[in-house]
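There are 2 protein chains.
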Amino acid sequence: MAAYAKRSHQELESLKKALEEEYAAHKAKGLSLNMARGKPGADQLDLSMPMLDLVNGTSDCRSADGTDLRNYGVLDGIAECKKLMAVLLDDEPENVIVFGNSSLTIMYDSIMRFMTFGTLGSTPWGKFENVKFLCPVPGYDRHFAITERFGIEMINVPLNDDGPDMDIVEKLVANDAQIKGIWCVPKYANPCGITYSDEVVRRLASMKCAAEDFRIMWDNAYCVHHLNANVAEQDQLLDIAIACREAGTEDRYFKFASTSKITFPGAGVAAMAASPANVKEVKDHITIQMIGHDKLNQLRHVLFLKDAKGIAEHMQKHAAIIAPKFELVLKMLEEGLGDTGCASWTKPRGGYFISLNGPDGTAKRIVSLAKEAGVTMTGAGATYPYKKDPNDANIRIAPTLPPLAELEQAMEVFVCCVKLASVEALLAK
Amino acid sequence: MAAYAKRSHQELESLKKALEEEYAAHKAKGLSLNMARGKPGADQLDLSMPMLDLVNGTSDCRSADGTDLRNYGVLDGIAECKKLMAVLLDDEPENVIVFGNSSLTIMYDSIMRFMTFGTLGSTPWGKFENVKFLCPVPGYDRHFAITERFGIEMINVPLNDDGPDMDIVEKLVANDAQIKGIWCVPKYANPCGITYSDEVVRRLASMKCAAEDFRIMWDNAYCVHHLNANVAEQDQLLDIAIACREAGTEDRYFKFASTSKITFPGAGVAAMAASPANVKEVKDHITIQMIGHDKLNQLRHVLFLKDAKGIAEHMQKHAAIIAPKFELVLKMLEEGLGDTGCASWTKPRGGYFISLNGPDGTAKRIVSLAKEAGVTMTGAGATYPYKKDPNDANIRIAPTLPPLAELEQAMEVFVCCVKLASVEALLAK
Chain Z
1 MAAYAKRSHQ ELESLKKALE EEYAAHKAKG LSLNMARGKP GADQLDLSMP MLDLVNGTSD
61 CRSADGTDLR NYGVLDGIAE CKKLMAVLLD DEPENVIVFG NSSLTIMYDS IMRFMTFGTL
121 GSTPWGKFEN VKFLCPVPGY DRHFAITERF GIEMINVPLN DDGPDMDIVE KLVANDAQIK
181 GIWCVPKYAN PCGITYSDEV VRRLASMKCA AEDFRIMWDN AYCVHHLNAN VAEQDQLLDI
241 AIACREAGTE DRYFKFASTS KITFPGAGVA AMAASPANVK EVKDHITIQM IGHDKLNQLR
301 HVLFLKDAKG IAEHMQKHAA IIAPKFELVL KMLEEGLGDT GCASWTKPRG GYFISLNGPD
361 GTAKRIVSLA KEAGVTMTGA GATYPYKKDP NDANIRIAPT LPPLAELEQA MEVFVCCVKL
421 ASVEALLAK
Chain C
1001 MAAYAKRSHQ ELESLKKALE EEYAAHKAKG LSLNMARGKP GADQLDLSMP MLDLVNGTSD
1061 CRSADGTDLR NYGVLDGIAE CKKLMAVLLD DEPENVIVFG NSSLTIMYDS IMRFMTFGTL
1121 GSTPWGKFEN VKFLCPVPGY DRHFAITERF GIEMINVPLN DDGPDMDIVE KLVANDAQIK
1181 GIWCVPKYAN PCGITYSDEV VRRLASMKCA AEDFRIMWDN AYCVHHLNAN VAEQDQLLDI
1241 AIACREAGTE DRYFKFASTS KITFPGAGVA AMAASPANVK EVKDHITIQM IGHDKLNQLR
1301 HVLFLKDAKG IAEHMQKHAA IIAPKFELVL KMLEEGLGDT GCASWTKPRG GYFISLNGPD
1361 GTAKRIVSLA KEAGVTMTGA GATYPYKKDP NDANIRIAPT LPPLAELEQA MEVFVCCVKL
1421 ASVEALLAK
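So the sequence lines, in the order shown, correspond to chains Z and C. Going by my numbering, the first residue of the first sequence is number 1, and it counts up by one from there. Going by my numbering, the first residue of the second sequence is number 1001, and it counts up by one from there.
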């Protein structure tokens, strides 16, 4: 079968007619399916149910040092939980601060503090006429929403297979002191699934920044979220802390992680890791903001996940559930679109997303067609700052939430929509 | 026995010698006791242990509307928990937003938003050269710490037996547009234990404010924290929301409450209530900051506390434990200091504190003497903005944490310290 672009006008017209019929048939089914957000499925959540029995009405509720975890206090998290979260953050427990159930909140609050108070003696960012942030694209919509809300100007930087395009990044940060930071999902990136190479991590750590208080927001959301239990099939990420220490820029990074996609998105534990100076400053701020986060939930997580081995074993159970979903999506994309030449997509080894690029100018149309047929995708443009995909081409596919049978139905619809929108675009040329 | 002030120099000298001997004897015991913070005792925390069994490994974990509470979402709290927290907030569920485990964080974030974004179209407070807040004194140190951190100038206002001195408040807010708000603990106030009268609540609601975006931070931390189960012995507070609606100032107040001193300080649920316009604005902000707070903990609280009746019954169990502690402290103050004329103190019907005023210029000395003898009190001055008690007279007594026997020991030391410092002060005149 010839690629769409090589077909005649007449062939495309009859193809369009056939696709419209197929689309109408899908629509007639009255589906209501959702591939919009990176949410674990109910069967994944069931994996962590035993955790809820570990702190119960007969529990001692004390930490190893004797602290009554039911009461006030312990600003930065119980020692046991700092140790656990240090595994996810690839750091030492003393560099970890444990927070509530949301790493997004930690990031929002971090940006808020930079804007309001500055950091390590620097001018509060809010005092400047203009502050800018680098945003590797496509990227995570909720990151972009934070910087947008604080009035920070966002600059798109292409995300390559090994991370952000560092030639562009280095040039930008070297010459513009208004650029104060960069959003990074360094491992199994949202939505592309790529992992930053060691070289990219080192260049981020060592690049010359015009802004002395340039900060890397290192959102390692998918740190242990491999699709394959075989270590040879897992991506490895160089620790940004090590790279920064080697480069003499140890205050440049803030690492974030959570158990949202390990235990429960609605009742997990989130944490940050940073340099000693940054940890000290953050603690000095949060001691005004709160007395201590939920320590019983910290204890639950410690007793359930235990350590690196416990986490890895638990994540294999997740992989056993979601890897078949990724395989199904990739198979259906290949079978449905492989020879059409109208889309390319990523084949991640971990994380929660597949990123698809259709023909320029079709993403909104594809998502809208799917929506009309009862399949909700992440909004077109959501993977770009200001929700503006300059090419209107990128679509994020989130395969984890629907059960396999529903996912198959949803993907049938989606593939049909990609084809239809692609043919429409070719005919409109 | 004559009041200290009426005694001769010689009498005071010999009294001082006797007190110094008593003090030395206390010190020799090597005590380590703490009356510094309003923390529930372990026996109070035990009351809520059954809550930990209500959401367990076999639970359905769904809300009434079928939402899987383990997963992402539900920005403003599950319907059942909004209803529960509405009891504490004396409001309708639709005006409630449920947050994490800390009302302090809600308050900090509220001030942060006012500073950064303004409210309901007003200029962000951070854009002004100077912003001021009224602080009824003595008051809650953590409130003052928030406004201090954001660079807001704090103005002391005397707290009378029926609330802040409204003649002073009305005059200040009418003439100074830089005054943007007031901190209030309207019921069983920290540390005085008084409850605002209906008249004070109405005057706060209806007073003319030069700042259109003047805000009342209504921290109803002790809303159901009575010391007596008999309703006739409980304080009643007029709802600020009703008063503001009547006065046509419905956007003026933000109410805060939590279950920190109902279930677990370390693992409770906190919430705010506000006008529809304010609720809408806050939701629009927090949707950038987070996806949803811990809904399993919300469910736990709903299943455990149930409703207003459930809360009241549970609070009676707390009262049964802490009322004897308040009685002991009051008895020992009366017996030890009653006829000395050198101190006055409050006799609250609820809350967590007793507020004591010693002779001017002695509070720091008293607290320091107690500390040296192994009894930690709240720092002198802590009940005032900038930790500056202009009279150096006020001390907050927190009787709830120590078991009764320890409390008795601690109070023996404390009473001795008050006497000794008072005599010292008289002799130095």
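Ideal placement from N, C-alpha and C gives every residue a C-beta, glycine not left out.
Counting only beta-carbon separations shorter than 8 Å, does residue i have a partner in chain C?
i	result
Lys-295(Z)	yes
Ile-291(Z)	yes
Ala-257(Z)	no
Asn-71(Z)	yes
Thr-249(Z)	no
Ala-79(Z)	no
Ala-42(Z)	yes
Are any of the Cβ atoms in chain Z nearer than 8 Å to that of residue i?
i	result
Thr-1383(C)	no
Asn-1101(C)	yes
Lys-1039(C)	yes
Val-1418(C)	no
Tyr-1253(C)	no
Phe-1114(C)	no
Phe-1264(C)	yes
Val-1282(C)	no
Ala-1064(C)	no
Quick test of your reading: residue i and residue j, contact by CB under 8 Å. State the CB separation rounded to the nearest angstrom.
i	j	result
Arg-1062(C)	Asp-1068(C)	6 Å
Lys-1255(C)	Ala-1273(C)	4 Å
Tyr-188(Z)	Gly-350(Z)	4 Å
Asp-1239(C)	Leu-1120(C)	The pair is not a contact, with the Cβ atoms about 21 Å apart (cut-off 8 Å).
Tyr-1352(C)	Asn-1190(C)	7 Å
Drop a sphere of 10 angstroms on the beta-carbon of residue i, count the other beta-carbons inside from all chains shown, and report buried for 16 or more, exposed for fewer.
i	result
Glu-1080(C)	buried
His-1301(C)	buried
Lys-17(Z)	exposed
Tyr-386(Z)	exposed
Asp-1043(C)	exposed
Asn-220(Z)	buried
Pro-403(Z)	exposed
Ala-370(Z)	buried
Ser-197(Z)	buried
Asn-394(Z)	buried
Pro-1359(C)	buried
Val-231(Z)	exposed
Asn-1278(C)	buried
Going by CA-CA distance only, name the one from the options that's closest to residue i.
i	options	result
Val-418(Z)	Lys-387(Z), Tyr-386(Z), Phe-353(Z) and Met-332(Z)	Met-332(Z)
Leu-1427(C)	Ala-1003(C), Leu-1012(C) and Lys-1127(C)	Leu-1012(C)
Asp-165(Z)	Ile-182(Z), Gly-151(Z) and Gly-126(Z)	Ile-182(Z)
Gln-1234(C)	His-1225(C), Ile-1242(C) and Ala-1241(C)	His-1225(C)
Ile-1354(C)	Glu-1092(C), Thr-1378(C), Gly-1336(C) and Ser-1368(C)	Thr-1378(C)
Phe-430(Z)	Thr-116(Z), Leu-88(Z) and Ala-308(Z)	No statement about residue 430(Z) is possible, as the shown extent of chain Z runs from 1 to 429 and does not include it.
Asn-1101(C)	Asn-297(Z), Glu-21(Z) and Lys-347(Z)	Asn-297(Z)
Gln-236(Z)	Asn-34(Z), Ala-373(Z), Pro-186(Z) and Asp-141(Z)	Pro-186(Z)
Ser-48(Z)	Thr-263(Z), Arg-37(Z) and Gly-38(Z)	Thr-263(Z)
Ala-1025(C)	Cys-1223(C), Gly-1139(C), Lys-1429(C) and Gln-1409(C)	Gln-1409(C)
Phe-99(Z)	Thr-1383(C), Thr-1105(C), Tyr-1196(C) and Glu-1094(C)	Thr-1105(C)
His-1293(C)	Arg-203(Z), Lys-347(Z), Gly-268(Z) and Val-415(Z)	Gly-268(Z)
Leu-84(Z)	Arg-396(Z), Ile-311(Z), Glu-148(Z) and Trp-345(Z)	Ile-311(Z)
Asn-175(Z)	Ile-286(Z), Gly-193(Z) and Glu-212(Z)	Glu-212(Z)
Met-1035(C)	Gln-1289(C), Met-1411(C) and Glu-1424(C)	Met-1411(C)
Val-1415(C)	Ala-1382(C), Ala-1373(C) and Glu-1170(C)	Ala-1373(C)
Can you name the residues of chain Z whose CB is closer than 9 Å to the CB of residue i?
i	result
Ser-1059(C)	Met-49 and Leu-52
Asn-1056(C)	Met-49, Leu-52, Asp-53 and Asn-56
What residues from chain Z crowd round residue i, counting only those whose CB sits closer than 7 Å?
i	result
Ile-1288(C)	Tyr-108, Ala-145, Ile-146 and Arg-149
Which bits of chain C does residue i rub up against, with CB to CB less than 9 Å?
i	result
Asn-175(Z)	Result: empty, since nearest Cβ-Cβ is about 29 Å, beyond 9 Å.
Leu-45(Z)	Cys-1061, Asp-1068, Arg-1070 and Asn-1071
Does at least one heavy atom of the ligand HEM sit under 7 Å from the Cβ of residue i?
i	result
Asp-46(Z)	Judged by which ligands are present, the structure shown has none, so any question about the ligand HEM falls away.
Cβ closer than 8 Å: which chain C residues qualify as neighbours of residue i?
i	result
Asn-190(Z)	Those do not exist, as Asn-190(Z) stays about 14 Å from chain C at its closest Cβ, beyond 8 Å.
Gly-126(Z)	Thr-1116 and Gly-1126
List the residues of chain Z that residue i touches, going by C-beta distances under 8 Å, in chain order.
i	result
Leu-1104(C)	Gln-289, Met-290 and Ile-291
Could you tell me which chain C residues have their CB closer than 7 Å to the CB of residue i, listed as they occur along the chain?
i	result
Ala-267(Z)	Arg-1070, Asp-1294, Lys-1295, Leu-1296 and Asn-1297
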